[in-house]
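Residue numbers for the sequence shown follow our numbering, so the first one is 6 and each next one is one higher.
Where is the CB? At the ideal position from N, CA and C, for every residue including glycine.
Just so it is clear, the structure is predicted and the values come from calculations on it, not from any experiment.
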Amino acid sequence: MEQDINAVADQVMAIITIYGLKIIGAVAILIVGWIAAGWVSGAVGKVLRRADRMDETLARFFVSAVRYLILVVTVIMMLSQFGVQMASLLVVLSTAGLAVGLALQGTLSNVAAGVMLLLFRPFKIGDFVDVGGHAGTIQAISLFVTEMATPDNVHIVVPNSQVWGSSVVNFSHHSTRRVDIVVGIGYEDDIDKAMTTITDVIAADDRSHADPAPMVAVTDLGDNSVNFTVRIWCNAGDYWGVKFDMTKAIKEALDGAGVNIPYPQRTVHLVKE
6 MEQDINAVAD QVMAIITIYG LKIIGAVAIL IVGWIAAGWV SGAVGKVLRR ADRMDETLAR
66 FFVSAVRYLI LVVTVIMMLS QFGVQMASLL VVLSTAGLAV GLALQGTLSN VAAGVMLLLF
126 RPFKIGDFVD VGGHAGTIQA ISLFVTEMAT PDNVHIVVPN SQVWGSSVVN FSHHSTRRVD
186 IVVGIGYEDD IDKAMTTITD VIAADDRSHA DPAPMVAVTD LGDNSVNFTV RIWCNAGDYW
246 GVKFDMTKAI KEALDGAGVN IPYPQRTVHL VKE
């Protein structure tokens with residue numbers, strides 16, 4: 006009887022020793038993996054933040070991805086200490102990942118599009134763009150959505166998949182823009198005098214650039230007027246100010262020079278029988 010008790014005690018001690026060592030090994034793996042995840046993700050973050058074109062949001066995403074990847078590997082190694090088969094665990098994780106991916110297909114497409122936007126940077130915060138059927142100033146770019154503000158200060162949130170999947174018109178990409186203004190004068194008025202007057206108005210505005218040179222040209226003989234196309238280059242930030250101010254100044258200068266800007270008109274001939 007005493008021998009049986011000793012045998013059972015030896016078996017219990019053996020089990021405690023074996024599983025105790027496995028528990029200690031698992032805890033050690035967990036501690037090492039946790040420290041490694043923090044150290045590696047921190048190092049990746051430092052490297053990414055030194056890159057000139059790396060967005061802060063994208064850097065944080067990669068840092069988090071590296072950290073969680075190391076933690077997942079750590080958990081798998083820890084479970085293997087208790088006899089869990091790696092192949093079976095990977096099959097379960099793959100199946101679960103596929104199910105989650107199918108369920109979150111739209112969300113994942115937004116994340117993928119957000120990563121592409123942050124990598125290739127077709128626009129940046131503060132740019133005025135026309136994208137996804139909306140025009141406005143970019144306020145924020147996240148992994149899921151792009152936030153915009155319209156000129157009348159309406160907040161718009163556009164899913165990244167729509168932004169990346171459509172053409173982007175970035176009005177702020179270049180430092181300069183061209184202002185186009187169409188001006189019409191009467192057929193009986195002096196064309197050269199009108200062109201000189203408009204050229205003087207452009208030269209008097211410091212916001213207009215000399216290079217490329219402004220252009221004033223007759224481009225159309227309309228039904229009611231001789232039409233000029235006025236093209237002025239300016240800084241992108243001055244576009245609307247130049248367009249509004251120059252339209253007003255040209256009208257006032259032509260009036261002062263005695264050049265007529267005609268109303269739409271028709272000549273009616275009455276035939277008396």
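Query: Separation of T224 from A209, as counted between CA atoms; Result: 24 Å
Query: Between the CA atoms of S230 and I146 - distance to the nearest angstrom; Result: 48 Å
Query: Cβ pair N240, S166 closer than 7 Å; Result: no
Query: L109 (DSSP reduced to helix, strand or coil); Result: Confidence at L109 is low in this model, with a pLDDT of 48, below 50, so its placement is unreliable and no value can be given for it.
Query: Exposure label - T201; buried when at least 16 CB within 10 Å; Result: exposed
Query: For V49 and I81, the rounded distance between their alpha carbons; Result: 23 Å
Query: For D185, the residue or residues it bridges with in DSSP; Result: R236
Query: Proximity to I207 [Cα-Cα], best of D243, P219, K129, A140; Result: P219
Query: Alpha-carbon to alpha-carbon, A117 and V150; Result: 11 Å
Query: Cβ-Cβ separation, V184 to I237 (assumed contact under 8 Å), whole Å; Result: 5 Å
Query: Outcome for D132 when other beta-carbon atoms lying within 10 angstroms are tallied against a minimum of 16; Result: buried
Query: Straight-line Cα distance separating R212 from L123; Result: 33 Å
Query: 7 Å Cβ cutoff met for T234 and A215; Result: no
Query: Buried or exposed by the 16-neighbour rule on C-beta atoms within 10 Å, applied to V77; Result: exposed
Query: Contacts around I130, its chain only, beta-carbon distance under 6 Å, and the 5 residues preceding and following it disregarded; Result: I143
Query: CB of I255 within 7 Å of CB of I196, strictly; Result: no
Query: Beta-carbon gap between V247 and A199 smaller than 7 Å; Result: no
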